Amino acid sequence: AQSVTQPDIHITVSEGASLELRCNYSYGATPYLFWYVQSPGQGLQLLLKYFSGDTLVQGIKGFEAEFKRSQSSFNLRKPSVHWSDAAEYFCAVGTRLTGGGNKLTFGTGTQLKVEL
Amino acid sequence: DTGVSQNPRHKITKRGQNVTFRCDPISEHNRLYWYRQTLGQGPEFLTYFQNEAQLEKSRLLSDRFSAERPKGSFSTLEIQRTEQGDSAMYLCASSPQVTGSYEQYFGPGTRLTVT
Chain A
1 AQSVTQPDIH
11 ITVSEGASLE
21 LRCNYSYGAT
31 PYLFWYVQSP
41 GQGLQLLLKY
51 FSGDTLVQGI
61 KGFEAEFKRS
71 QSSFNLRKPS
81 VHWSDAAEYF
91 CAVGTRLTGG
101 GNKLTFGTGT
111 QLKVEL
Chain W
117 DTGVSQNPRH
127 KITKRGQNVT
137 FRCDPISEHN
147 RLYWYRQTLG
157 QGPEFLTYFQ
167 NEAQLEKSRL
177 LSDRFSAERP
187 KGSFSTLEIQ
197 RTEQGDSAMY
207 LCASSPQVTG
217 SYEQYFGPGT
227 RLTVT
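Heads up: the sequence lines are chains A and W, in that order. Take the first sequence: its position 44, counting from 1, is numbered 44 in this note's numbering, and each next residue is one higher. Take the second sequence: its position 19, counting from 1, is numbered 135 in this note's numbering, and each next residue is one higher.
Here is the structure:
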């Protein structure tokens with residue numbers, strides 16, 4: 001069965017510093033991988049996705065992620081963090097469902113705090 | 117495109133009562149999903165509709181839970197005889213039936229508190 005591990009529950013960075021959030025997945029086939037961000041009172045917003053092709057994917061808000069099949073990882077990065085990036089970040093793997101739908105299995109999330 | 121909407125945003129109910137939540141997906145999105153998120157956890161898949169057909173249900177969806185999407189547009193999730201363990205955020209998501217489109221768009225959720 002598919003699973004996602006986000007080993008860091010909380011991360012604190014200074015504004016302007018670089019950021020890397022870790023994500024490891026377990027899935028037998030080529031995975032569909034996603035990063036979502038959730039702010040208090042808000043729904044989940046998609047930051048970026050990987051389905052195939054170039055293993056370095058760019059997303060919104062200056063985020064990028066790199067798919068490494070050999071390490072079963074899909075880490076999220078940002079070169080310079082802004083105070084508004086403080087939120088909870090979820091990595092997810094998608095598996096196909098009957099009719100072409102896609103079930104998302106999420107990690108437990110990483111809470112990002114940004115110090116000014 | 118007004119996004120996925122969910123109502124109510126918050127619901128407090130007493131144990132044993134029935135509750136119903138509504139989800140309005142993005143128009144023309146024929147795939148609709150329900151997830152449940154408890155404190156400190158990521159969302160967990162509950163069920164999936166393509167148009168009005170419920171094609172997949174998680175084992176998390178006990179017989180007290182029922183979901184419908186009668187006309188292939190909005191969906192409802194009903195919980196009967198609520199228990200304190202049902203307290204969670206219930207999230208709805210939708211996606212279009214487009215080849216190569218696998219991302220889901222989430223609503224703001226309905227937070228259920230069972231007292």
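Glycine included, every Cβ here is placed at the ideal spot set by N, Cα and C. Since the model is a prediction, treat every value here as computed from it, not as a measurement.
Classify residue i: buried if its beta carbon has 16 or more other beta carbons within 10 angstroms, exposed otherwise.
{"i": "A/S18", "result": "exposed"}
{"i": "A/L48", "result": "buried"}
{"i": "W/N146", "result": "buried"}
{"i": "A/S52", "result": "exposed"}
{"i": "A/P78", "result": "The amino acid occupying residue 78 of chain A in the given sequence is Lys; Pro does not appear at that position. Counting Cβ neighbours within 10 Å, A/K78 comes out buried, since at least 16 surround it."}
{"i": "W/R185", "result": "buried"}
{"i": "A/L56", "result": "exposed"}
{"i": "A/L21", "result": "buried"}
{"i": "W/I195", "result": "buried"}
{"i": "W/S191", "result": "buried"}
{"i": "A/A65", "result": "buried"}
{"i": "W/W150", "result": "buried"}
{"i": "A/V81", "result": "buried"}
{"i": "A/P40", "result": "exposed"}
Pull the bridge partners of residue i from the DSSP assignment, please.
{"i": "A/H10", "result": "A/Q111"}
{"i": "W/L148", "result": "W/F165 and W/S210"}
{"i": "A/Y32", "result": "A/G94"}
{"i": "A/S26", "result": "A/S3"}
{"i": "W/F137", "result": "W/L193"}
{"i": "W/Q122", "result": "W/C139"}
{"i": "A/V37", "result": "A/Q45 and A/Y89"}
Assuming residue i and residue j form a contact by the criterion Cβ under 8 Å, report the distance between their Cβ atoms to the nearest whole angstrom.
{"i": "W/Y218", "j": "A/K103", "result": "Not confirmed; about 10 Å, so no contact."}
{"i": "A/C23", "j": "A/S70", "result": "Rounded, the Cβ-Cβ distance is 15 Å, inconsistent with contact."}
{"i": "W/A204", "j": "W/L228", "result": "6 Å"}
{"i": "W/A183", "j": "W/L193", "result": "5 Å"}
{"i": "A/T108", "j": "W/G158", "result": "5 Å"}
{"i": "A/A92", "j": "A/L112", "result": "Actually they do not touch by this definition, with Cβ atoms about 17 Å apart."}
{"i": "W/F137", "j": "W/Y206", "result": "6 Å"}
{"i": "A/G94", "j": "A/Y32", "result": "4 Å"}
Looking at chain W, is there any beta carbon in it that lies within less than 8 Å of the beta carbon of residue i?
{"i": "A/L44", "result": "yes"}
{"i": "A/N24", "result": "no"}
{"i": "A/F63", "result": "no"}
{"i": "A/L104", "result": "yes"}
{"i": "A/G94", "result": "yes"}
{"i": "A/G100", "result": "yes"}
{"i": "A/I97", "result": "In the sequence on display, residue 97 of chain A carries Leu and not Ile. Yes - at least one Cβ of chain W is within 8 Å of the one on A/L97."}
{"i": "A/K49", "result": "yes"}
{"i": "A/R109", "result": "Here the sequence assigns Gly to residue 109 of chain A, which means Arg is not the residue at that position. Output row for A/G109: interface = yes."}
{"i": "A/Y32", "result": "yes"}
{"i": "A/F90", "result": "yes"}
Going along the chain, which residues of its own chain have a beta-carbon closer than 6 Å to the beta-carbon of residue i, five neighbours each way excluded?
{"i": "W/H126", "result": "R227"}
{"i": "A/V37", "result": "Q45, L47, A87 and Y89"}
{"i": "A/Y50", "result": "L33, V57 and F67"}
So, does the CB of residue i fall closer than 8 Å to a CB anywhere in chain A?
{"i": "W/E219", "result": "yes"}
{"i": "W/L171", "result": "yes"}
{"i": "W/L207", "result": "yes"}
{"i": "W/Q133", "result": "no"}
{"i": "W/G188", "result": "no"}
{"i": "W/R175", "result": "no"}
{"i": "W/Q213", "result": "yes"}
{"i": "W/R147", "result": "yes"}
{"i": "W/F181", "result": "no"}
By Cβ distance, which residues of its chain are closer than 7 Å to residue i, with the 5 residues on each side in sequence left out?
{"i": "W/V230", "result": "T129, R131, T198, E199, Q200, D202 and S203"}
{"i": "W/S211", "result": "H145, R147, S217, E219, Q220 and Y221"}
Report all residues from its chain with a CB closer than 8 Å to the CB of residue i; omit the five preceding and five following residues, and keep chain order.
{"i": "A/D8", "result": "L21, R22 and T110"}
{"i": "A/E115", "result": "T12, V13, S14 and E15"}
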